[in-house]
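J.: Sequence order for the protein chains is B and X.
At position 38 of the first sequence the residue is numbered 38 (full-length UniProt numbering), and the sequence of numbers has no breaks.
At position 8 of the second sequence the residue is numbered 8 (full-length UniProt numbering), and the sequence of numbers has no breaks.
I have a structure here, written as structure tokens, and I will follow up with some questions on it.
2 protein chains.
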Amino acid sequence: MKADSLRGHLDALLLAVLDGRKLHGYAIIEALQLRSDGALDLPTGTVYPALRRLERAGFLASEWDVVSGRKRRTYKLTRSGQKALAAERAEWQEFTTVIGGVLGGSTA
Amino acid sequence: MKADSLRGHLDALLLAVLDGRKLHGYAIIEALQLRSDGALDLPTGTVYPALRRLERAGFLASEWDVVSGRKRRTYKLTRSGQKALAAERAEWQEFTTVIGGVLGGSTA
DNA sequence: CTGTATACGTAGCCTGGCTACATGTAGCCA
DNA sequence: TGGCTACATGTAGCCAGGCTACGTATACAG
């Protein structure tokens, strides 16, 4: 998959993967790999700054868990993040409808 | 629609709208508006450079039509452009499957 | 003879994902 | 005991590529 086609959809992915559960950054990357059958392998330099940004935006809340001496910053959706996720899903629907319509559409 | 979510999909749109017909730049913009029910309103600063790029890449061929004193550079798909369009369509399929899978997917 | 729609084009900005790097722990194996 | 691998977080700076803001020019309506 073309790498940069992710532009503008990363937030949706991160919010979606955190829907209904708490995960730390590294686990988020692995969860995305799993759900996409390996198609998505986001570098940490993509994910960590994005998580920070989403937290600053109020969509995520984080806390430090220390598990057997290992630090993990776990994230979960806030109320506001839930709404943002719903909005992202709606936007994704619209996006695919529009682009898909043009790509598949008969000569209009 | 978020403006920059187009990233990486513009070429596909341009190739698709030229599938089976010749159009000039201005008409391409209008055709995209039509096909998308007004959702896509690409600025000329986006479309013209992209067309030039696609031509340099060998996917489009252009010629000057002079209609009643008005210059129009009309574009059409080359053989290579047809292949590129097919590839873009396949990639779009994969892209929507992957992202859609994550967005809609149950907690995996 | 001015305004609007048509038509093409470029310079430079800006966003945001990515590369490359820096840092440190846990656990296994020899 | 030393080193390797997996785990885990983070930042600085690069870079692609769509967009903004221009500049140019013609046809036609009023």
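Glycine included, every Cβ here is placed at the ideal spot set by N, Cα and C.
All values reported here derive from a predicted model rather than from experimental measurement.
Taking C-beta to C-beta, are R35 (chain B) and V17 (chain B) nearer than 9 Å?
T.: The count along the first sequence starts at 1 and reaches residue 35 (chain B) at position 35. The count along the first sequence starts at 1 and reaches residue 17 (chain B) at position 17. Going by C-beta atoms, R35 (chain B) is nearer than 9 Å to V17 (chain B).
J.: Can R72 (chain B) and G20 (chain B) be called in contact, C-beta distance under 9 Å?
T.: The residue labelled residue 72 (chain B) in the question sits at position 72 within the first sequence. The residue labelled residue 20 (chain B) in the question sits at position 20 within the first sequence. Cβ atoms of R72 (chain B) and G20 (chain B): not closer than 9 Å.
J.: Return the residue from the list B:L60, B:E91 and B:D4 that minimises the CA-CA distance to L42 (chain B).
T.: Position 42 of the first sequence holds residue 42 (chain B). The shortest C-alpha separation from L42 (chain B) is found at B:D4.
J.: Would L40 (chain B) count as contacting chain X if we go by Cβ distances under 9 Å?
T.: Mapped onto the first sequence, residue 40 (chain B) falls at position 40. L40 (chain B) counts as touching chain X.
J.: When you compare the CB of R35 (chain B) with every CB in chain X, is at least one pair closer than 9 Å?
T.: Translated into the one-based positions of the first sequence, residue 35 (chain B) becomes position 35. Yes - at least one Cβ of chain X is within 9 Å of the one on R35 (chain B).
J.: With 9 Å as the threshold, decide whether the Cβ of H9 (chain B) is near any Cβ in chain X.
T.: Translated into the one-based positions of the first sequence, residue 9 (chain B) becomes position 9. It does: the Cβ of H9 (chain B) has a partner Cβ on chain X nearer than 9 Å.
J.: Exposed or buried, W92 (chain X), counting other C-beta atoms within 10 Å across all chains shown (16 or more means buried)?
T.: By one-based count along the second sequence, residue 92 (chain X) stands at place 92. So W92 (chain X) counts as buried.
J.: I want to verify the contact list: residues of chain X whose CB lies under 7 Å from the CB of R95 (chain B), in sequence order.
T.: Numbered from its first residue, the first sequence carries residue 95 (chain B) at position 95. Strictly speaking, residue 95 (chain B) in this sequence is Phe, with Arg absent from that position. By Cβ distance, chain X contributes M1 and S5.
J.: Just checking my contact of D65 (chain X) with T74 (chain X) at CB under 8 Å: how many whole Å lie between their CB atoms?
T.: If you number the second sequence from 1, residue 65 (chain X) lands on position 65. If you number the second sequence from 1, residue 74 (chain X) lands on position 74. Confirmed, Cβ separation roughly 5 Å.
J.: Can you list the residues of chain X that R79 (chain B) reaches, using a CB-CB cut of under 8 Å?
T.: As a first step, residue 79 (chain B) must be located in the first sequence, where it is residue number 79. Here the premise fails: no neighbours, minimum Cβ distance about 19 Å.
J.: Can you list, in chain order, the residues of its chain with a C-beta nearer than 7 Å to that of L32 (chain B)? Leave out the 5 residues immediately preceding and following it.
T.: As a working mapping, residue 32 (chain B) is identified with position 32 in the first sequence. Excluding positions up to five away in sequence, the list reads L13, V17, L40 and L42.
J.: Closer than 9 Å, CB to CB, is R53 (chain B) near chain X or not?
T.: The residue given as residue 53 (chain B) occupies position 53 in the first sequence. By this cut-off, R53 (chain B) is not an interface position.
J.: Between the C-alpha atoms of A57 (chain B) and H9 (chain B), what's the straight-line distance to the nearest angstrom?
T.: Position 57 of the first sequence, counted from the start, is the residue given in the question as residue 57 (chain B). Position 9 of the first sequence, counted from the start, is the residue given in the question as residue 9 (chain B). Distance between A57 (chain B) and H9 (chain B), taken at the CA atoms: about 16 Å.
J.: Please report how far the alpha carbon of E88 (chain B) lies from the alpha carbon of G69 (chain X), in whole angstroms.
T.: What you label residue 88 (chain B) is simply residue 88 of the first sequence in a count that begins at 1. What you label residue 69 (chain X) is simply residue 69 of the second sequence in a count that begins at 1. If you take the alpha carbons of E88 (chain B) and G69 (chain X), they lie about 48 Å apart.
J.: Can you tell me the Cα-Cα spacing of E55 (chain X) and E94 (chain X), whole angstroms?
T.: For this step, residue 55 (chain X) is matched to residue 55 along the second sequence. For this step, residue 94 (chain X) is matched to residue 94 along the second sequence. If I take the Cα positions, the gap works out to 26 Å.
J.: Could you work out which residue in X:A90, X:G104 and X:L60 is closest to A15 (chain X) when comparing CA atoms only?
T.: Working through the second sequence from its first residue, we reach residue 15 (chain X) at position 15. Looking at the sequence shown, residue 15 (chain X) is not Ala but Leu. The residue with the shortest Cα to Cα distance from L15 (chain X) is X:L60.
J.: Which first and last residues belong to the beta strand (DSSP E) in which T74 (chain X) is found?
T.: One-based indexing of the second sequence puts residue 74 (chain X) at position 74. Element bounds for T74 (chain X): R70 to L77.
J.: Tell whether a beta-carbon distance below 9 Å holds between V98 (chain X) and D37 (chain B).
T.: Along the second sequence, one-based indexing puts residue 98 (chain X) at 98. Along the first sequence, one-based indexing puts residue 37 (chain B) at 37. The answer is yes: Cβ separation under 9 Å.
J.: Can you name, in chain order, every residue of its own chain whose Cβ lies under 8 Å from the Cβ of I28 (chain X), other than the five neighbours on each side?
T.: For this step, residue 28 (chain X) is matched to residue 28 along the second sequence. Only L14, V17, L18, V47, L51 and Y75 meet the Cβ criterion.
J.: In chain B, which residues lie less than 7 Å from V17 (chain X) when you measure between Cβ atoms?
T.: Start at 1 with the first residue of the second sequence, and residue 17 (chain X) comes out as number 17. Those are V102, listed as they occur along chain B.
J.: Does the beta carbon of A50 (chain B) come closer than 9 Å to any beta carbon on chain X?
T.: The residue labelled residue 50 (chain B) in the question sits at position 50 within the first sequence. False, the Cβ-Cβ gap to chain X never drops below 9 Å.
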